[in-house]
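Please read the structure below before turning to the comments.
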Amino acid sequence: MCDNASFPNNQLPPEGSTRCIGAISYGTNYYSGGKTQALEWPRNSTSGSIKLTKNGNCVCNATVSLNYRYPVYSESPDNKKTNYSGLRITKIEDIDQNNISNVYTYLYGKYDQNKNFIPIIKLNQPYNFSTITRRHIRGVPLDDYQTPEGFIEKYLTIQNSTQNSNAYGSSDVATYPYVIEKSEKGSILMEFSEGDLPQLGYNRWKAGRLKKETFLNATNEVIKTVDYVEKLSPIKNSLSGYTVNPNIPYMAAFYTNFDILPIELAYDTDIQINAIESAKIENIKTITKEFLGDKVIETVVTNNYSDTNINNPINIQNTVIKTSDGSSSETTYQYAHEKGNQYLIDKNMIGIPLQTSVTQKQNDNDPGKTISKSEILYPTSQADANARTSGLALPVSVLGFDLQNPNDAAKAQTELTYDLYDNKGNILQYSVKGKPVTVIWGYNQTQPIAKIEGAAYNQISAYVSGIIAASDADNTQGTDQSEQALIEALDILRNNTALSAYQITTYTYNPLIGVTSITPPSGIREIYKYDSANRLESVKDVNGNLLKEYQYRYKN
1 MCDNASFPNN QLPPEGSTRC IGAISYGTNY YSGGKTQALE WPRNSTSGSI KLTKNGNCVC
61 NATVSLNYRY PVYSESPDNK KTNYSGLRIT KIEDIDQNNI SNVYTYLYGK YDQNKNFIPI
121 IKLNQPYNFS TITRRHIRGV PLDDYQTPEG FIEKYLTIQN STQNSNAYGS SDVATYPYVI
181 EKSEKGSILM EFSEGDLPQL GYNRWKAGRL KKETFLNATN EVIKTVDYVE KLSPIKNSLS
241 GYTVNPNIPY MAAFYTNFDI LPIELAYDTD IQINAIESAK IENIKTITKE FLGDKVIETV
301 VTNNYSDTNI NNPINIQNTV IKTSDGSSSE TTYQYAHEKG NQYLIDKNMI GIPLQTSVTQ
361 KQNDNDPGKT ISKSEILYPT SQADANARTS GLALPVSVLG FDLQNPNDAA KAQTELTYDL
421 YDNKGNILQY SVKGKPVTVI WGYNQTQPIA KIEGAAYNQI SAYVSGIIAA SDADNTQGTD
481 QSEQALIEAL DILRNNTALS AYQITTYTYN PLIGVTSITP PSGIREIYKY DSANRLESVK
541 DVNGNLLKEY QYRYKN
């Protein structure tokens with residue numbers, strides 16, 4: 001640019017008073033006070049242009065010289081081992097009851113077109129105070145004139161809260177674009193998403209999602225593929241691309257030029273708010289193809305989400321399963337918002353399907369036939385919950401619809417009722433088509449110790465104080481003697497003549513480990529034993545006869 005606007009038109013300025021300044025850089029102008037600067041030009045560009053302009057009448061003898069130099073890089077194989085965070089499984093070996101060993105090995109990488117394996121791993125580096133890009137653009141010597149030292153272009157992301165780091169997993173986590181599982185029976189090739197890695201912004205949370213699975217047999221023939229299609233819905237985060245209110249700014253920037261040296265050198269500073277984006281991951285489609293000789297059997301599972309209203313949750317509206325013969329099955333869901341249950345909405349119980357219906361179609365032209373439809377009823381107010389579910393947001397009943405008239409709510413019938421809960425939300429009595437089942441809870445109301453079929457809770461409550469007390473004692477003491485005392489108390493309940501008309505099943509436990517005995521109505525008790533690592537070891541009958549055995553073998 002030739003700048004001499006202070007002189008009137010058609011009047012030449014005095015010699016030496018005209019300033020001719022300028023600089024060029026691909027895509028951006030840098031004003032350098034007349035000093036020659038480097039032109040950064042992409043190697044793959046086939047053409048370009050340099051434009052000189054002037055303001056006012058001035059005398060400028062412009063000479064443009066262009067020197068270019070392509071750096072030559074030499075790459076050589078580097079076999080140095082690098083440590084990454086986390087442990088990676090390389091082999092799993094299991095031996096079945098016939099002493100046959102099954103070995104599975106795992107590779108982290110992919111095969112190229114020549115079937116050469118290329119190891120690949122991505123390291124998720126910390127996000128806070130991260131230098132994204134740093135480039136040093138040097139000056140270019142021209143004849144006997146030495147340009148300035150050049151400039152450094154640097155992008156630096158700085159966060160103002162450590163919560164960003166914690167919430168978005170800024171630890172050094174390794175992810176794998178490809179993982180291969182191999183065995184003598186074949187292999188499974190798993191491909192994962194790598195995520196976007198822009199200069200600014202944190203998108204590494206998008207990496208590591210399964211995109212495709214390819215199953216091969218022992219001769220490396222593809223026998224099945226599974227493709228996973230996902231959609232990222234940012235409706236809940238206006239800073240990540242979806243702005244409900246267009247007046248909400250998601251980017252702020254300002255530019256400033258200032259001199260820090262006596263010579264005319266200008267520095268451009270661009271300060272921006274770097275938004276951390278997020279999104280709901282929607283699994284919208286799964287495509288499975290099985291290859292049987294010259295036949296391909298395809299199954300497509302499609303999920304449709306309710307993701308257009310920012311005030312409603314993102315839930316699956318329906319799932320359609322379509323097979324190669326053209327037939328399909330559609331399952332439709334309705335939630336608290338669709339059913340208008342404000343009580344559940346206020347409790348944030350907005351992701352529980354309340355109504356489910358299944359429709360089958362023979363082809364695309366078939367209107368479909370409803371083969372199943374049910375609805376779970378919940379309290380609609382706190383007063384309703386106080387009266388029916390011990391003040392808690394728990395199910396009240398289950399309705400079954402008439403399949404000949406699935407849209408007629410008047411013909412729906414109650415198939416299951418939840419009649420009584422305790423103060424911790426444990427079900428004490430439920431009824432299946434009018435037949436009651438009572439459940440007695442022990443171990444300080446944490447485990448069911450008896451199930452009585454055919455009796456209501458108020459018919460049983462007078463007989464259960466002994467087994468509840470014995471289970472609480474076993475919960476505290478945890479000895480063989482306390483468990484045996486509980487078993488004896490349960491047997492007294494089972495043999496009570498007042499309860500002889502009912503089917504009774506009883507249970508004992510080792511808290512935090514598992515069930516130790518189950519006695520069905522037949523009276524044939526099963527004893528469950530655990531090893532020192534609290535793993536199930538065997539199941540025996542009351543006479544000590546072995547019914548089932550579990551063995552755990554690990555190789556050092």
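When you line the sequence shown up against the working numbering, it's residues 1 to 556, in that order. Quick reminder that beta carbons are idealized off the backbone N, C-alpha and C, glycines included.
Asked	Found
Three or more C-beta pairs below 8 angstroms linking the region 379-388 and the region 350-368	no
Under the three-state DSSP convention, the category residue 465 falls into	helix
Same chain, Cβ closer than 6 angstroms to residue 301, five either side skipped, listed in chain order	286, 321
Inter-residue Cα distance where the pair is residue 331 and residue 442	39 angstroms
Residue 315 vs residue 293 beta-carbon contact at 8 angstroms	no
Residue from 312, 309, 334 whose Cα sits closest to the Cα of residue 353	334
Residue interval of the beta strand (DSSP E) (run including residue 228)	222-233
Close Cβ partners of residue 485 (< 8 angstroms) along its chain, the five nearest in sequence each way excluded	470, 473, 474
Best match in 552, 419, 525, 532 for proximity to residue 539 [C-alpha to C-alpha]	525
Other residues of its chain near residue 192: CB distance less than 8 angstroms, five sequence neighbours each side excluded	175, 176, 177, 178, 179, 207, 208, 209, 210, 211
For residue 236, three-class secondary structure by DSSP	coil
Close-in-space but distant-in-sequence residues of the same chain around residue 490 (CB under 6 angstroms, 5 per side omitted)	467, 506
Selection from 340, 383, 536 that minimises the alpha carbon distance to residue 512	536
Whole-angstrom C-beta distance between residue 426 and residue 445, which should lie under 8 angstroms	6 angstroms
Where the alpha helix (DSSP H) containing residue 364 begins and where it ends	Neither: residue 364 is in no alpha helix (DSSP H) and is coded neither H nor E.
Cβ neighbours of residue 288 in the same chain (closer than 6 angstroms, five flanking residues each side left out)	226, 299
Proximity to residue 318 [Cα-Cα], best of 340, 367, 283	283
Residue from 194, 96, 188, 95 whose Cα sits closest to the Cα of residue 120	194
Inter-residue spacing [alpha-carbon to alpha-carbon] between residue 369 and residue 232	33 angstroms
Nearest-angstrom beta carbon gap, residue 402 and residue 412 [assumed within contact, 8 angstroms]	7 angstroms
Residue 430 burial status per 10 Å Cβ neighbour count (16 or more: buried)	buried
Beta-carbon contacts of residue 456 that lie in its chain and below 7 angstroms, excluding the five residues immediately before and after	429, 436, 438
Alpha-carbon spacing of residue 309 relative to residue 117, whole angstroms	46 angstroms
Per DSSP, the bridge partner or partners of residue 482	Beta-bridge pairing links residue 482 to no other residue.
Buried or exposed by the 16-neighbour rule on C-beta atoms within 10 Å, applied to residue 552	exposed
Residue 184 - containing beta strand (DSSP E), residue span	No beta strand (DSSP E) holds residue 184; DSSP gives it neither H nor E.
Same chain, Cβ closer than 6 angstroms to residue 447, five either side skipped, listed in chain order	509
From 398, 394, 392, 383, residue whose alpha carbon lies closest to that of residue 596	Not covered by the structure: residue 596. The range shown for the chain is 1 to 556.
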